[in-house]
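Sequence order for the protein chains is R and A.
Residue 125 in numbering that gives the first Met the number 0 sits at position 126 of the first sequence, with consecutive numbering throughout.
Residue 54 in numbering that gives the first Met the number 0 sits at position 55 of the second sequence, with consecutive numbering throughout.
First up is the structure itself, then whatever we jot down about it.
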Amino acid sequence: MVSVPHGGELVQLDVVDPSHDAFNGYDKSLMLPVSKETEATVLNIASGILSPLTGFMGEEDCKTVLDSMRLSDDTPWSIPVLLHVASSFTPQVRDEIVLTDEGGSPLANLLIDERFKIDRKEYAEKVYGTSDPAHPGVARIFSSPDSVLAGRIRRFAARPGDPFSDVTLAPRETRVLFGEKSWRTIVAFQTRNPPHLSHEYVQKTALAFADGLFINPVLGKKKVGDFRDEVIVAAYKALIRNYYPQNCCVLSVLHYEMQYAGPREAIMHAIMRKNFGCTHIAIGRDHAGVGSYYRPYAAQEIFKEFPDLGITPLFFREFFYCRKCAGMANEKTCPHGEDDHLTISGTRLRELLDGGESPPKEVMRPEVASVIMSDPDPFVR
Amino acid sequence: MTKYTTVSLPVTLHKRVERLIAEKEGFKSVSDYVTYVLREVVAMHETEKTPAPFTSKDVEVIKSRLKALGYI
Chain R
0 MVSVPHGGEL VQLDVVDPSH DAFNGYDKSL MLPVSKETEA TVLNIASGIL
50 SPLTGFMGEE DCKTVLDSMR LSDDTPWSIP VLLHVASSFT PQVRDEIVLT
100 DEGGSPLANL LIDERFKIDR KEYAEKVYGT SDPAHPGVAR IFSSPDSVLA
150 GRIRRFAARP GDPFSDVTLA PRETRVLFGE KSWRTIVAFQ TRNPPHLSHE
200 YVQKTALAFA DGLFINPVLG KKKVGDFRDE VIVAAYKALI RNYYPQNCCV
250 LSVLHYEMQY AGPREAIMHA IMRKNFGCTH IAIGRDHAGV GSYYRPYAAQ
300 EIFKEFPDLG ITPLFFREFF YCRKCAGMAN EKTCPHGEDD HLTISGTRLR
350 ELLDGGESPP KEVMRPEVAS VIMSDPDPFV R
Chain A
0 MTKYTTVSLP VTLHKRVERL IAEKEGFKSV SDYVTYVLRE VVAMHETEKT
50 PAPFTSKDVE VIKSRLKALG YI
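Written out as structure tokens, the structure reads:
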């Protein structure tokens, strides 16, 4: 049986056409343009990926999440979901506003429940474990206004024209899909890169214990040098087509901005995949980490604090090709030294692909490398 | 800050838990241990009474989209 929704109920907000009357007749002072990342958050609230949230958090939830990684009703939750607004945006409690995309098209109605301020340094230290502005999550929170609106999303406008709509499933859809496939145990795999062989081995090892695999790449804001979203999706399609048995794997993307919050973010990744119906999630080395801000297995250790999370983490060590083992292995299965291991840094891998040179097949499947190299511009510039 | 309240335990059980956590890592106090165990048990009971998230009519609409996309 698939996981029950987080908090007990799958949120499914009304979805209406952008031309719906609900978005008309508003004074300009009640229209709030939001970034693409906030747009993705609104979509994730509306479709139930962030159940049980029905909107942006209030002050009490924000405090309990920061202090004890729980909502005010004790439901596990590790990172606040906030709507930052400039202090010049004047609507007050009980006003209904329209969130719009950057181009001014309506996204959602939001009924304001609260307006409050956060201490951004405290937020950074609790969520990211640091207030170092070089940390990308810290930099983002420091550049966001400290003024925050809380409130319920009442209606959500359908978003036509998403280039990934054919590989974007909502939780209610994955739940039906898993049922149709008669899967009772489903392992989620979170990723933000095209697949290396080491990723494939994590997925297949997990799949050996489960009925199905849910590959859920994160698409959204990228750093310069990252793979473009189109490339990630095409690479996964190539891998699945060539190396996975039929009917054991579902590929669907998640529009979401990585926070690089390491252990706290691993919990959020698990909650979102639980809402898709997954019963398990693969958690590897330095999951959702960046630089050296977190211990390599901190994102695994944190799960001990959540006996009531409702999704089971599967912990993995990093896989690599071992020349002496003549196959893929990890530090738990391989007795040989690093000299026998074939590993390539992400930077070197990008250099090879950028120069049109296929990486060793022990690092990346030729079909995957071919898809990447056939793209005229696979990287964010 | 998280707020706390008090519940009563039999002294014998309290002592038993104290002995147990003295030998185990991860729990700072009897309260920590009891909170952990209760969260696990309560979540299990809550799961048992969760309603289905959609109707059979919803399911047919969803299946149509999944078929159109090639998922089923």
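All residues carry an ideal CB built from backbone N, CA and C; glycine is no exception.
| query | result |
| --- | --- |
| If we define contact as Cβ-Cβ less than 8 angstroms, is A:Y35 a contact residue for chain R? | yes |
| Considering only the alpha carbon of each residue, which of R:N329, R:G354, R:P334 lies closest to R:T342? | R:N329 |
| Inspect the CB distances between the segment 93-109 of chain R and the segment 35-54 of chain R and report whether three or more fall short of 8 angstroms. | yes |
| With distances taken from CA atoms, which of R:A265, R:M271, R:G309 is nearest R:R284? | R:A265 |
| Is it buried or exposed, R:L253, if we count other Cβ atoms within 10 angstroms and call 16 or more buried? | buried |
| Just to confirm the assignment, what range does the beta strand (DSSP E) spanning R:R154 have? | 146-156 |
| Could you name the residues that DSSP lists as bridge partners for R:K116? | R:S146 |
| Whose Cβ in chain R lies nearer than 8 angstroms to the Cβ of A:Y32? | Neighbours of A:Y32 on chain R: none; closest Cβ ~11 angstroms, over 8 angstroms. |
| Is there a C-beta anywhere in chain A that falls below 8 angstroms from the one on R:P144? | no |
| Can you confirm whether the segment 267-281 of chain R touches the segment 200-212 of chain R when touching is taken to mean that 3 or more C-beta pairs between the two stretches lie within less than 8 angstroms? | yes |
| Please report the distance separating the alpha-carbon of A:K2 from that of R:I78. | 19 angstroms |
| Evaluate R:S197 with the Cβ neighbour count: other Cβ atoms within 10 Å of its Cβ, from every protein chain shown; 16 or more gives buried, anything less gives exposed. | buried |
| Check whether chain A comes within 8 angstroms of R:R391, counting only Cβ atoms and requiring the distance to be less than that. | Outside the shown range of chain R, which is 0 to 380, sits residue 391 of chain R, and nothing can be said about it. |
| Using the beta-carbon of each residue, which ones in chain R are nearer than 8 angstroms to A:T49? | V3, P4, G7, E8 |
| Could you tell me if R:A157 is buried or exposed, where buried requires 16 or more neighbouring beta carbons within 10 angstroms of its beta carbon? | exposed |
| Tell me the rounded alpha-carbon separation between A:L12 and A:Y35. | 16 angstroms |
| Express the C-alpha separation of R:Q91 and R:S142 in angstroms, rounding to a whole number. | 23 angstroms |
| Using a Cβ-Cβ cut-off of less than 9 angstroms, list which residues of the segment 291-309 of chain R approach chain A; keep chain order. | K303, E304, F305, P306, D307, L308, G309 |
| So with Cβ pairs under 8 angstroms, would you call R:T278 a contact of chain A? | no |
| When we look at the beta-carbon of R:P216 and count the other beta-carbons within 10 Å, is it buried (16 or more) or exposed? | buried |
| A:H44 to R:S87, Cα distance in whole Å? | 47 angstroms |
| Please classify A:K27 as buried or exposed, where buried requires at least 16 other C-beta atoms within 10 Å of its C-beta. | exposed |
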